[in-house]
Structures are given as structure tokens and as C-alpha cells.
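From first to last, the protein sequence lines are chains A and B. In this text, residue positions in the first sequence follow the UniProt record's numbering: the first is 1, and each later residue adds one. In this text, residue positions in the second sequence follow the UniProt record's numbering: the first is 1, and each later residue adds one. Ideal Cβ placement from N, Cα and C applies to all residues, glycine included. Okay, structure first, notes after.
2 protein chains.
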Amino acid sequence: MTPTITAFERSPDRGRGQARDMRVRWALEEVGQSYDVRLVSFPELKKPAHRALHPFGQIPTYEEGDLVLFESGAIVLHVAERHAGLLPDDANARARAITWMFAALSTLEPPIVDREIARLVERDEPWFAQRMPIVEDRIRGRLGELSVRLGDAGWLDDAFSAGDLMMVMVLRRLNGSGLLEEYPSLAAYVARGEARPAFKRAFAAQLAVFTAASTG
Amino acid sequence: MTPTITAFERSPDRGRGQARDMRVRWALEEVGQSYDVRLVSFPELKKPAHRALHPFGQIPTYEEGDLVLFESGAIVLHVAERHAGLLPDDANARARAITWMFAALSTLEPPIVDREIARLVERDEPWFAQRMPIVEDRIRGRLGELSVRLGDAGWLDDAFSAGDLMMVMVLRRLNGSGLLEEYPSLAAYVARGEARPAFKRAFAAQLAVFTAASTG
């Protein structure tokens with residue numbers, strides 16, 4: 001059964017692949033599962049029909065027969081559990097890979113999103129310039145700890161997994177901030193993720209939505 | 001095999017059960033799995049021996065033979081997958097329960113933690129009083145959406161699950177803020193979680209650590 005995911009009708013980042021549908025697209029490409037995409041406009045996100053799928057009025061959602069999921073982490077885990085390619089066979093290694101998914105979403109992403117929210121919502125507030133270094137130092141703290149753990153390994157726990165997929169996607173949110181470049185091993189780690197053929201296919205697919213909307 | 005978890009040697013919240021070991025204790029109590037606890041001091045958290053278990057120098061960790069996990073979400077999911085009682089048998093219902101775990105950690109918890117960080121780190125900054133309403137309105141937005149979805153149901157998706165466990169724990173972080181009381185159905189939902197015998201056993205166990213430290 002071909003699942004259907006939702007994505008923004010108009011990419012807020014002009015096709016840079018920062019919207020959360022990119023995580024799900026990448027996971028589906030890694031496991032070789034084709035998918036359909038339903039584009040949702042910003043007004044539609046907050047309407048009852050979409051809220052029935054996603055109580056927080058966001059994308060992505062994932063529909064597969066009777067099953068409706070939201071939260072990119074839950075969708076990627078669902079895909080990884082039902083197909084080979086994103087989780088190791090060994091039970092302990094599998095639990096560790098899932099741990100890195102949670103670490104990406106619970107430990108790394110919140111301070112990174114906090115920086116984005118500040119830039120969006122508080123840019124004109126009088127405290128913006130003074131507060132930003134506090135926010136960025138919190139990100140640096142986590143990046144430093146992550147780079148120590150990664151060391152000179154290629155991926156976080158042996159082979160590439162859904163944990164790496166989620167971590168690469170979260171770290172990519174720092175593109176353009178200059179912060180990732182302060183940790184060259186993490187910048188190289190993200191580049192390794194972006195070099196995977198499945199990432200490239202997923203990136204091209206989400207970019208095509210933006211390109212079509214721009215020229216259509 | 002009896003797992004060992006880590007917890008703070010000295011409870012930062014005086015035994016109110018807000019530290020993340022409480023989530024793991026509750027999960028283990030729900031499934032009837034006994035566990036050992038190793039208490040870690042604040043200086044020890046940042047030392048190499050603990051960092052080897054937890055790259056971000058936090059609690060809880062989970063050790064079970066050769067397996068070492070961190071991130072409360074990953075640990076609760078691991079416990080839920082290996083024991084009956086926290087995830088439904090039906091595959092689709094199981095995926096939905098896991099979705100609520102991710103929603104708790106990725107969508108609800110970040111703005112709640114943002115408020116805590118602001119109160120800890122920015123309380124003396126000149127912008128504190130002006131910024132706090134922005135932070136709290138972000139929390140209200142999520143609480144409103146969650147209360148709409150919950151409606152008059154007892155739990156988020158039919159029977160109590162690991163998704164409810166994580167959501168109740170995240171919402172409890174608002175204790176004392178007055179925010180949860182603005183959404184009576186969510187306050188009642190948290191109270192239902194706290195009334196579960198497994199919650200009470202876990203709460204008593206973490207409180208005993210604080211009481212022993214205070215009188216010892």
C-alpha cells in the first residue's frame with residue numbers, strides 16, 4: 001500500500017529541505033518505499049479537515065490505509081520498523097539507534113528551534129541582540145558534546161540508521177548560522193548524510209514542489 | 001535481568017518528581033519490572049565515567065547487561081516494547097501510541113522547557129517580564145490544541161499507553177505555573193495519570209531519595 005504524506009504547498013524555505021516532510025521523504029527513499037504527496041496550504045493547515053489528521057495543524061502527516069500518523073519522529077520510526085534499511089537487526093543496536101532519534105528531537109532540536117523562533121518572533125524586540133548569544137551558547141554546548149561522542153566515526157552507532165537520519169536533519173537546521181562550521185566533524189557528518197543517494201532523491205522531490213509553485 | 005537506572009543524588013525539585021528518571025520509574029512500575037537505581041551527584045554527571053553512558057551528561061540512563069541507553073523517551077519505549085502494559089497489541093494502535101510519545105517530547109515539551117530555562121537563566125535580565133507572556137502564549141497554543149484533541153476522552157488514544165505516560169509527565173512540568181489549570185480537561189487528564197498505582201509507587205520511590213538525602 002502506497003502511503004500518502006502531507007507537505008507545504010509553498011515551501012517557507014524556498015526548497016532548502018528544512019520542512020519536516022523532508023525527514024519522512026528521506027526515510028521512505030532509504031527503504032525504497034514509494035509514496036504520494038498531498039500539498040497543504042497554510043490556511044488549510046489550521047482547518048478541521050487537516051486538524052483531524054494532525055491535532056497541532058502541522059505537516060507532515062502519514063496515511064496508510066486506516067492508519068494516520070503525525071510527528072516526523074513517529075513516522076520515521078514507523079517506516080524504519082516496517083522496512084529494512086534504517087534499523088539494525090540486533091535488538092540492542094536497534095534500541096541504541098532509536099535512542100539517537102530521541103536525542104536528535106529532544107536534546108538537539110529544542111535549542112536550535114529556540115534560535116529560529118527568536119529570529120522569527122523576537123527580531124524586533126529590544127532584547128534580541130543581547131539574548132541571541134545565550135541561545136547560541138546553549139546550542140554550542142550540545143554540539144560540543146555531540147562532536148565528542150561522534151569522535152572520528154562515520155555515524156553515531158556503527159552503521160547509518162534512522163538515528164543518523166534524524167540527527168543530520170536536525171543539524172541541517174543550522175545551515176546558514178555558522179554554528180555547525182565551528183564543529184568540523186559535525187559539518188562533515190551532515191555532509192555525509194546529504195551525500196547519500198536517498199537524501200538526494202528526497203531533496204530533489206521537495207525542491208520540485210517549490211520550483212513548480214514558483215513557475216506554475 | 002534487573003536493569004539499573006540513574007537518578008540525581010540530590011533532587012533539584014525537592015522530590016516533586018519532575019526529574020526525568022520519574023518517567024522511567026513509572027514505566028517500569030506499569031509493567032511490573034523491578035529496577036536498581038544508582039544515584040549520581042552533579043559533579044559526577046559531567047565526568048567521563050558518566051559521559052560514557054550519557055554523552056550529554058544527564059540522567060536517566062538505563063543499563064541492562066551490555067545495553068546502555070539514555071534519553072527518557074528511548075528508555076520508556078524500550079521498556080514498553082519488551083513488556084506488556086504500555087503499548088496496545090494492534091499494530092496501528094501501537095504506532096499511534098508511539099506518536100503521542102513523540103508529540104509529548106517534540107511538540108509539547110520544548111515550549112514548556114523554554115519557560116523553565118527563561119526562569120532559571122533570564123530571570124534577572126531586563127527583558128524577562130516582557131518576554132514571559134510570549135513564551136507562555138506559545139505553551140497555551142499547544143495546550144489548547146491538545147485539549148481539543150483529547151475532548152472528553154480519558155486517554156489520548158483509547159487505553160492508557162506510553163504516549164499518555166509521557167504526555168502526563170511533560171504536562172506535570174507546568175505544576176505551579178497556573179497554565180494547566182486554564183485547561184481543566186488537561187488538568188483532569190494529568191490527575192488521572194497521577195492516580196494510577198504505578199505512578200504512585202514511582203513517585204514514592206523518587207521522593208524517598210530526597211527524604212533520605214535530607215535527613216541522612
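The closest CA to that of Ala187/A, considering only Ala91/A, Pro88/A, Val121/A and Trp155/A, is found on Trp155/A. DSSP places Ala7/B inside the beta strand (DSSP E), whose first and last residues are Thr4 to Phe8. Of the candidates Val113/A, Gly32/A and Val37/A, the residue whose Cα lies closest to the Cα of Ala208/A is Val37/A. Nearest to Asp158/A by C-alpha distance, out of Phe199/A, Ala118/A and Asp89/A, is Asp89/A. A straight-line Cα-Cα distance of about 9 Å links Gly65/A and Thr2/A. In terms of Cα proximity to Leu45/B, the closest of Trp26/B, Glu125/B and Ile59/B is Ile59/B. Going by beta carbons, Ala95/B and Leu69/A fall inside the 9 Å limit. A check of alpha carbon separations from Leu105/B across Thr211/B, Ala202/B and Arg23/B identifies Arg23/B as the nearest. For the stretch 105-116 of chain A, the set of positions with a beta-carbon nearer than 8 Å to some beta-carbon of chain B reads Leu105, Ser106, Thr107, Glu109, Pro110, Val113 and Asp114 in chain order. Glu30/A sits in a helix when the DSSP states are folded into three classes. Residue environment analysis places Val76/A among the buried positions, since at least 16 neighbouring C-beta atoms fall within 10 angstroms of its C-beta. Trp26/B is positioned such that its CB atom lies closer than 9 Å to that of Phe199/B. The residue from Phe56/A, Phe8/A and Ser41/A with its alpha-carbon nearest to that of Leu150/B is Phe56/A. Glu29/A and Arg16/A have their C-alpha atoms some 18 Å from each other. Chain order gives the chain B residues near Ala103/A as Glu71, where near means a beta carbon separation below 7 Å. Non-local beta-carbon contacts of Asn92/B in its own chain, meaning distances under 7 Å to residues more than five positions away in sequence, are absent.
By the C-beta criterion, the stretch 72-86 of chain B is judged not to be in contact with the stretch 39-54 of chain B, since fewer than 3 inter-stretch pairs fall below 8 Å. About 6 Å separates the CB atoms of Val190/B and Arg172/B; that is less than 8 Å, so the two are in contact.
In the DSSP annotation of this structure, the continuous segment of the alpha helix (DSSP H) that includes Arg140/A starts and ends at Phe128 to Leu150. Distance from the CA atom of Glu116/B to the CA atom of Ala212/A, rounded to whole angstroms, is 43 Å. Here the C-alpha atom of Ala19/A lies approximately 11 Å from the C-alpha atom of Thr6/A.
When secondary structure is reduced to three states using DSSP, Leu120/A falls in the helix class. Listed as beta-bridge partners of Asp36/A by DSSP are Thr4/A. In this structure the stretch 133-144 of chain A lies against the stretch 174-183 of chain A, because at least three pairs of beta carbons, one per stretch, are closer than 8 Å. The Cβ-Cβ distance between Tyr62/B and Thr107/B does not fall below 9 Å.
Taking all protein chains shown into account, Pro110/A has 16 or more neighbouring C-beta atoms within 10 Å of its C-beta and is therefore buried. Looking only at Pro48/A, Arg14/A, Glu9/A and Glu71/A, the smallest Cα-Cα distance to Ala97/B is reached by Glu71/A.
The beta carbon of Ala205/B sits closer than 7 Å to those of Arg25, all from its chain and outside the five residues before and after it, given in chain order.
In the structure shown, the three-state DSSP call for Tyr62/A is strand. At a Cβ-Cβ threshold of 9 Å, Ala103/A and Val31/A do not count as neighbours.
Note: Val209/B is not bridge-paired with any residue in the DSSP secondary-structure output. Leaving aside the five residues that flank Leu53/B on each side, the residues in its chain whose CB is nearer than 8 Å to its CB run, in chain order, Thr6, Thr61, Glu63, Val68 and Phe70. Think of a sphere of 9 Å around the beta carbon of Trp155/A: no beta carbon from chain B falls inside it, the nearest being about 14 Å out. Phe70/A is bridged by DSSP to Thr61/A. Taking the CA atoms as reference points, Ala129/B sits about 13 Å from Leu120/B.
Between the C-alpha atoms of Ala80/B and Trp127/A there is a straight-line separation of about 44 Å.
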